[in-house]
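Undergrad: Structure incoming, see below.
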Amino acid sequence: MRAHAILRALAQRYRVFLLVLNHPPADAEARASLHALCAETAFLPIGLWNRRDARIRRIAARWPSAYRLLFPKPYEWDRIARTDVALPFQVREFEIAHVFRLYMAPLLNHLRAKASWRQCQLDLDDLESMTRGRLAAVYKASGDNAGATQLEMEARQYEQIEREHLHRFDRLFACSQSDQERIQKLGLHPSPEVLPNIMSIGNIPEATPHKGLQLLFVGNLGYAPNSDAVLHFCRDILPRIHAQIRRPVTFEIVGSGAPRTLKMALTNQPHARLLGWVNDLTPHYARADAVVVPLRAGGGTRIKILEAFAYQRPLVSTPEGIEGIAAVDGVHALIAQNADEFASACVRLLRDPVLCRQLTTRAFKLIQDQHSDKILANIL
């Protein structure tokens, strides 16, 4: 979503030649959208995130010394660095090379002999070293020691890559002020800029009347922090909500990529409904009394937070979930430090409709002021 928003903003001013190291979108409407935005598009699938390779690394992580010897670079970085990519466009001279995410940077080495550009800029999206370090803590807490060890080693590998490569870009974009400050403090780049995540504001759905408490979580469930957040909510927070109210409680979980372990765990959760991918989120937001973001790890800023604000639904989040967004507890959302506070916040929203209206009104203004298309285009 971030990459597409930036692409839309760039296309307002430039002729964009889009190179994607993956298959084209399966959805015909998505393909047509990209073609409409770009002068040319090229999709070169290189088998990034190959399951076999990932499995080998995961097994090797049981022996850290061997892992470091066999895999001195993170998987994505190494895979792209070893793939010689031909330039698929007739145009050879560009004003700007815009790179999305740090691990795509090795692609520039392949293209330098075939094309030139006046300026090179990198959108970090998030700091890979910090994100993977946080993920390692989540894996460790869940008992996955091999996964935690692998992520800890990748975090250190990315720390080295960040020190070696970030200063080489003419412009460097972070998605939040907190990430910008980290980059400056570590001396990774002389002048990093904040390029905020944005949310296009459409029609606000009318609330759907229903009984009880309806809670909503939206996210890619193949992303470990999201699946961990769902399990944490079901195991640690839902029982606390039930202890405080007698009304029925429903927890809707929307998003693709749910791992088998999550599906199995949710079979024992009668109040949780795993819906998978949906074409239209509007009806799910319409019947949600609150959107919950019980994240315990991650990086960047969560678009799911901005989306809830845009749909004008009250939100309860952990500090980790709302990090990087200038939302204030009790002003734009309710921010809970632990499971007890999170459950009480959800119940409080059910019992206080005036507070809900105040939160959603202020949060919607925050979107308009700090996370709009216009702001993104002006920065770029």
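Counting in my numbering, the sequence shown runs without a single skipped number right up to 481 at its last residue.
From the three backbone atoms N, C-alpha and C, an ideal C-beta is built for every residue, glycine too.
1. Suppose you measure from the CA of A167 to the CA of W178; what does that come to, to the nearest Å?
2. Going by CA-CA distance only, name the one from K405, R159, L287, R109 that's closest to E424.
3. Given A440, which residues of its chain have a CB within under 7 Å of its CB, disregarding the five upstream and five downstream residues?
4. Would you mind working out which of R388, A437, V121 sits nearest Y412, comparing C-alpha positions?
5. Look up W150 in the DSSP assignment and say whether it is helix, strand or coil.
6. Taking Cβ positions, are P326 and L396 nearer each other than 8 Å?
7. Tell me, please, whether the stretch 183-192 touches the stretch 226-245 by the rule of three or more beta-carbon pairs shorter than 8 Å.
8. Taking DSSP's pairing of strands, which residues face Q220 in a bridge?
9. Going by alpha carbons, who is nearest to Y204 out of E229, A275, Y115?
10. Closest to P293 by CA distance: which of Y386, P173, I480 is it?
11. Ends of the beta strand (DSSP E) at L316?
12. Measuring straight from C-alpha to C-alpha, what distance separates V429 and L451?
13. Check each candidate in P189, P291, P415, R202 and name the one with the smallest Cα separation from Y259.
14. Less than 8 Å between the C-beta atoms of L435 and A427, yes or no?
15. For V239, name the three-state secondary structure that DSSP assigns.
16. Locate the alpha helix (DSSP H) running through V121, then write down its first and last residues.
17. Over the uninterrupted beta strand (DSSP E) stretch that includes L188, give me the two end residues.
18. Buried or exposed: which applies to R180, given that a residue is buried once 16 or more other Cβ atoms fall within 10 Å of its Cβ?
19. Taking just the CA atoms, how far does C221 sit from T250?
20. Compare the Cα-Cα distances from L119 to each of R109, D128, A127 and report the closest residue.
21. How many Å lie between V455 and P349 at the Cα?
22. Does DSSP classify I354 as helix, strand or coil?
23. Are the Cβ atoms of H472 and P297 separated by less than 8 Å?
24. Are there three or more Cβ pairs, one per stretch, closer than 8 Å when the stretch 242-256 is compared with the stretch 267-283?
25. Could you spell out the range, first to last residue, of the beta strand (DSSP E) harbouring E424?
26. For T368, name the three-state secondary structure that DSSP assigns.
27. Taking the CB atoms as reference points, tell me whether G356 and N321 lie closer together than 8 Å.
28. So, using beta-carbon positions, are L525 and I107 closer together than 8 Å?
29. In whole angstroms, what is the alpha-carbon distance linking L316 and R169?
30. Could you have a look at I562 and say whether DSSP puts it in helix, strand or coil?
TA: Quick look at the numbers:
1. Cα to Cα, the separation comes out at about 19 Å.
2. Considering only alpha carbons, the answer is K405.
3. Correct list, in chain order: D337, I338, R341.
4. Of the listed residues, the one whose Cα sits closest to Y412 is R388.
5. Taken through DSSP and simplified to helix, strand or coil, W150 comes out as coil.
6. Going by C-beta atoms, P326 is nearer than 8 Å to L396.
7. At 8 Å Cβ cutoff, the stretches do not touch.
8. Q220 is bridged to I197.
9. Sorting E229, A275, Y115 by C-alpha distance to the C-alpha of Y204 places E229 at the top.
10. With distances taken between CA atoms, P293 lies nearest to I480 out of Y386, P173, I480.
11. Its beta strand (DSSP E) spans residues 314-319.
12. Those two C-alpha atoms are separated by around 20 Å.
13. Comparing Cα-Cα distances from Y259 to each of P189, P291, P415, R202, the minimum goes to R202.
14. Contact flag unset, no.
15. Here V239 sits in helix by DSSP.
16. Premise fails: V121 lies in the beta strand (DSSP E), 118-121, not in any alpha helix (DSSP H).
17. Segment: none, L188 is in no beta strand (DSSP E) and carries neither H nor E.
18. Taking every protein chain shown into account, the CB of R180 has 16 or more other CB atoms within 10 angstroms, so this residue is buried.
19. Rounded to the nearest whole angstrom, the CA to CA distance from T250 to C221 is 34 Å.
20. Nearest of R109, D128, A127 to L119, Cα basis: R109.
21. Each residue's alpha carbon lies about 22 Å from the other.
22. In the three-state DSSP reduction, I354 falls in the strand class (E or B).
23. At a Cβ-Cβ threshold of 8 Å, H472 and P297 count as neighbours.
24. The stretch 242-256 is not in contact with the stretch 267-283.
25. That residue, E424, is in no beta strand (DSSP E); it is neither H nor E in DSSP.
26. Secondary structure at T368: coil, using DSSP grouped into helix, strand and coil.
27. Here G356 is near N321, since their CB atoms are less than 8 Å apart.
28. Beyond the ends of the chain as shown, which are 102 and 481, falls residue 525; an answer cannot be given.
29. Answer to the nearest angstrom: the Cα atoms are 43 Å apart.
30. This structure leaves residue 562 out entirely; the chain is present only between 102 and 481.
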